[in-house]
Amino acid sequence: MRIITIREYFSNFYKMSSEKQLLEELTTEEYKYGFTTDIEMEIAPKGLTEDTVRYISAKKNEPEWLLEWRLKAFRYFMTMAVPTWQNFKHPEVDFQDMSYYAAPKAKPQLNSLDEVDPDLLETFKKLGIPLDEQKVLAGVVAVDAVFDSVSVKTTFQKKLKEQGVIFSSFGEAVQEHPELVRKYLGSVVPSTDNLYAALNAAVFSDGSFVYIPKGVRCPMELSTYFRINAANTGQFERTLIIADDRSYVSYLEGCTAPMRDENQMHAAVVELIAMEDAEIKYSTVQNWYPGDKDGKGGIYNFVTKRGICRGDRSKISWTQVETGSAITWKYPSVVLKGDSSVGEFYSVALTRNHQLADTGTKMMHIGKNTRSRIISKGISAGVSHNSYRGLVKISKGADGARNYTQCDSMLIGDKCGAHTFPYIESKNSTAMLEHEATTSKIGEDQIFYLNQRGIDSEQAVGLIVNGYAKEVLNQLPMEFAVEAQKLLAISLEGSVG
Amino acid sequence: MLSINNLQASIEDKQILKGLNLQVKPGEVHAIMGPNGSGKSTLASILAGRPEYEVTGGEVFFEGKDLLELSPEDRAREGVFLAFQYPIEIPGVSNINFLKTALSEIRTHKGLPPLSAKEFLKLVKEKQQLVDFDAKLTNRSLNEGFSGGEKKRNEIFQLAMLNPKLAILDETDSGLDIDALRIVANGVNQLRSSENAFVMITHYQRLLEYIVPDFVHVLYDGRIVRSGTKDLALELEEKGYDWLKESLDTHNAI
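One line per chain: the protein sequences are A and B, in this order. Counted from 1, the first sequence has number 348 at position 296 by our numbering; the numbering is strictly sequential. Counted from 1, the second sequence has number 771 at position 244 by our numbering; the numbering is strictly sequential.
Okay, here's the thing in structure tokens:
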């Protein structure tokens, strides 16, 4: 390595530029480095002002239009109040008492798995997570280390690149494909959509970007890579997926392993765009820290997820398994704009102890002969409350629209609650809408029957719950489904008896 | 194998068993008969460990172990099997997945490794044939939408799969037509060996024509009041339970 002395550097510069330019260059240069070091060493100061937004945007080296977009969202956010319609008491959130740039989280570096909380390792073992991934999730090795050692990232990216698939961090996409980002960002979830969507738009730190070109079937589930990567994503992530004409992509989000994340709020935004004959399948397994037995701590998972079937015969399918977070508040939705487009929502939401979930979907039928299907399975245990909230809206022009909704609730114990809030608005008399709902309790006779065959009560509940949620779990890609099944069983440990 | 001494039990403060004695040795088949409300199903429930019942006195030993001290799942793992009078439906849980879980729990308890998928499927096939169980039902959800007869046959299939030491059949014959009864009985007869024992609880003598017991006991008012061979069952069939009640009540009155 050749070391350039300052003198050399100066003299090089003198050759090519004027003194004034040099001065400018040097000051920005110095500022830049100082800036970066600060970020790496510590989290941005608390508080949310226009300066915070500018700071983040500058840090990400964003173009002017994106900064403007963020600022518009910020100004809107400042005028908004916290909604009151949800079926839980909104926790007191002091938006000025949070730090808005904490993306590269510095985790305590551990030397080996021996130093990791044995409970956490036990859970990893039960979930069957490979050792390499365990190390990343527990913070023993950095993400990059694993990537380097097995070069997962490079292999994947090469394969994707051959097909013309773009799969990168949001920040990278802004730099490398600004035209695509600018065209689609906020086109499904406007920056002024709701309080948390506005907050995300103003301060999002990173996220993922996917573009599948025309006629391409994405050659792999966008999963393993993301699962590892997801370990370090920040509180305000943003995902934008565009499936161009006749393309297909299956995207897996989340992490089945319990993340001991101390972040209080996750306000993510996900936008999906399906063009003509395109299909997007989006699966989530969410297991953020739910707080302790007494309801202390835990993540507020306030997420806006929406997809639009822009093209005719396009399809968007959401599958979610939600077992974590103190509060889960989200409604992955589909706008069915293209004729004969299809929207699906498959959900399992499990709450225990003091957890709260208010989740469901919106299906907005605009195009002709559009179809939607909603399968929601709620499971409540402990003193938790689990609400399904859904809207099926049929617009005037949506001739021949069809919806099927099935919304089941299961109760474990007698101190929990299950609630359903299904809304239907139809402005077209040709629509066909079906709604089915059931509520059941895990029977003692069911548990005893399984006991009598040698299966203990916790396993019995696991089996019964997995049987109940099967229709949804079947929608998950194979390897995820297996983990999700185990996760449901583990989450209910200690809920019986 | 099973030794029940002076067993007393109640449910919701109502005394049902009032000092029941029964000894079962390997290789034996015992039939327990008796009128409605005599305590037959209570006995089955107590042996399996159903939580609603309270044992108020007496003792039960199974293979030298205090059975009443064991949890229901441990009793099952030790080799006590109850064929339910009303098998339970569990939606979404496939019969085969359920059996795999149950079998591996029992094997783990015995210190055996779980069967490989191949070995397990071979066993399933073999036992299906042995008890004449419809292979289509194996992959369906556990008892969900099964007819009464199919549920009972599934109990016998499970019995064949789990191969317990002691099988208690609680009115397995009730609700079966004659063909189904014959199939179930054939299944049980196939499974009889010098190592295992059966306790059959039944209301009717009919079942005993197909599964011939070594001993017949008559349960009445919480006690075994008569024991004998299969001839006792025939006598009971002929004269009815009223005959028994009268003779006993007269006896008690004196």
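For glycine and all other residues, C-beta sits at the position ideal for the given N, C-alpha and C. Quick caveat, the model's predicted, so the values are computed rather than measured.
So the alpha helix (DSSP H) residue i belongs to, where does it begin and stop?
i	result
Ser109/A	Glu102 to Lys111
Gln407/A	Here Gln407/A belongs to no alpha helix (DSSP H), and DSSP marks it neither H nor E.
Tyr248/A	Leu247 to Val255
Arg500/A	Before going on, a small fix: residue 500/A reads as Phe here, not Arg. That run of the alpha helix (DSSP H) goes Glu496 to Asn503.
Glu653/B	Ala644 to Leu657
Ile516/A	Ser509 to Tyr520
Less than 6 Å between C-beta atoms, sequence neighbours within five positions excluded: which residues of the same chain meet that for residue i?
i	result
Phe278/A	Confidence is the limiting factor: at Phe278/A the pLDDT is only 46, short of 50, which leaves the residue's position unreliable, though a coordinate-based value still follows. Closer than 6 Å at the Cβ level, and outside the excluded window around Phe278/A, lies no residue.
Glu228/A	none
Leu119/A	Ser109
Val394/A	Lys367 and Arg423
Glu323/A	Val240, Val241 and Leu292
Gly86/A	Residue confidence is low: Gly86/A scores 23 on pLDDT, short of 50, so the model does not pin down where it sits. Its coordinate-derived value is still stated next. Result list for Gly86/A: empty, nothing under 6 Å.
Lys445/A	Met416 and Glu477
Glu486/A	Tyr456
Ser530/B	Gln550 and Phe588
Excluding sequence positions up to five away, which residues of its chain have a Cβ less than 7 Å from the Cβ of residue i?
i	result
Gly561/B	Lys567, Val745, Leu746 and Tyr747
Lys266/A	Asp296, Asp297, Arg298 and Ser299
Ile615/B	Asn670
Pro230/A	Pro115
Gly619/B	Ser668
Taking residue i as the query, report the chain B residues whose CB atoms sit under 7 Å from its CB, ordered along the chain.
i	result
Ile507/A	Glu600, Thr628, Ala629 and Glu632
Ile464/A	Those within 7 Å of Ile464/A in chain B number zero; the least Cβ separation is about 15 Å.
Lys522/A	Gly619
Gly430/A	Neighbours of Gly430/A on chain B: none; closest Cβ ~15 Å, over 7 Å.
Gly347/A	Residues of chain B passing the Cβ test: none, with the nearest at roughly 29 Å.
Which residues of chain A have a Cβ atom closer than 9 Å to the Cβ of residue i, listed in chain order?
i	result
Gln685/B	Arg505
Kindly list the residues whose CB is nearer than 8 Å to the CB of residue i, restricted to its own chain and excluding five residues on each side of it in sequence; keep chain order.
i	result
Trp121/A	Leu237, Gly238, Ser243 and Ala253
Val651/B	Ile623, Leu626, Thr665 and Met688
Phe611/B	Glu682 and Asp697
Which residues in chain B have a C-beta closer than 8 Å to the C-beta of residue i? List them in chain order.
i	result
Lys538/A	Per Cβ cutoff of 8 Å: no residues; Lys538/A is ~13 Å from chain B at best.
Gln511/A	Thr628 and Glu632
Pick out whichever of the options has its Cα sitting closest to the Cα of residue i.
i	options	result
Gly343/A	His406/A, Ile293/A, Lys211/A and Tyr300/A	His406/A
Ser260/A	Pro271/A, Val321/A and Leu251/A	Val321/A
Val268/A	Ser509/A, Ala326/A and Gln527/A	Ala326/A
Ile351/A	Ser366/A, Ser369/A and Thr375/A	Thr375/A
Arg365/A	Val373/A, Ile332/A and Asp346/A	Ile332/A
Tyr398/A	Asn421/A, Ser392/A and Gly442/A	Gly442/A
Ser701/B	Arg750/B, Gly675/B, Ser721/B and Glu539/B	Gly675/B
Tyr538/A	Phe147/A, Ser481/A, Leu247/A and Asn339/A	According to the sequence shown, residue 538/A is Lys rather than Tyr. Answer by Cα proximity: Asn339/A.
Ile695/B	Phe589/B, Gly749/B, Ala603/B and Phe725/B	Phe725/B
Gly767/B	Leu549/B, Asn533/B, His730/B and Arg750/B	His730/B
Ala541/A	Arg425/A, Ser377/A and Arg404/A	Arg404/A
Residues of chain A with CB closer than 8 Å to the CB of residue i, please, in chain order.
i	result
Pro641/B	The premise fails here: Pro641/B is roughly 13 Å from chain A at the closest Cβ pair, so nothing lies under 8 Å.
Arg577/B	Phe500
Ser701/B	Chain A residues near Ser701/B: none, gap ~18 Å exceeds 8 Å.
Leu609/B	Gln504
Go ahead and label residue i buried or exposed: buried means 16 or more other beta carbons lie within 10 angstroms of its beta carbon, across all protein chains shown.
i	result
Tyr128/A	buried
Gln511/A	buried
Val355/A	buried
Ser598/B	exposed
Met530/A	exposed
Ile705/B	exposed
Val554/A	In the structure as shown, chain A begins at 53 and stops at 549. Residue 554/A is therefore absent and cannot be evaluated.
Ala644/B	exposed
Ala536/A	buried
Ala662/B	exposed
Asn348/A	As written in the sequence, residue 348/A is Lys, which differs from the Asn given in the question. Burial call: exposed.
Gly546/B	exposed
Just curious, the beta strand (DSSP E) that residue i is in, first and last residue?
i	result
Lys445/A	His437 to Ile446
Asp146/A	Taken as a continuous stretch (DSSP letters only), Asp146/A belongs to no beta strand (DSSP E), as it is neither H nor E.
Met484/A	Met484 to Lys493
Tyr352/A	Tyr352 to Cys361
Trp137/A	Per DSSP, Trp137/A belongs to no beta strand (DSSP E) and is neither H nor E.
Glu632/B	Per DSSP, Glu632/B belongs to no beta strand (DSSP E); it is in the alpha helix (DSSP H), Asn622 to His636.
Thr336/A	Glu331 to Trp340
Met727/B	Ala724 to Ile728
Using a cut-off of 9 Å between C-beta atoms, extract the partners of residue i located in chain B.
i	result
Ile516/A	Ile617, Pro618, Gly619 and Val620
Gln498/A	Ile615, Glu616 and Ile617
Gly376/A	Chain B residues near Gly376/A: none, gap ~23 Å exceeds 9 Å.
Name, please, each residue of chain D whose Cβ falls closer than 9 Å to the Cβ of residue i.
i	result
Arg604/B	Included in the structure are the protein chains A and B, with no chain D among them.
In chain A, what lies closer than 7 Å to residue i by C-beta?
i	result
Phe725/B	Correct list: empty, because the minimum Cβ distance to chain A is about 16 Å.
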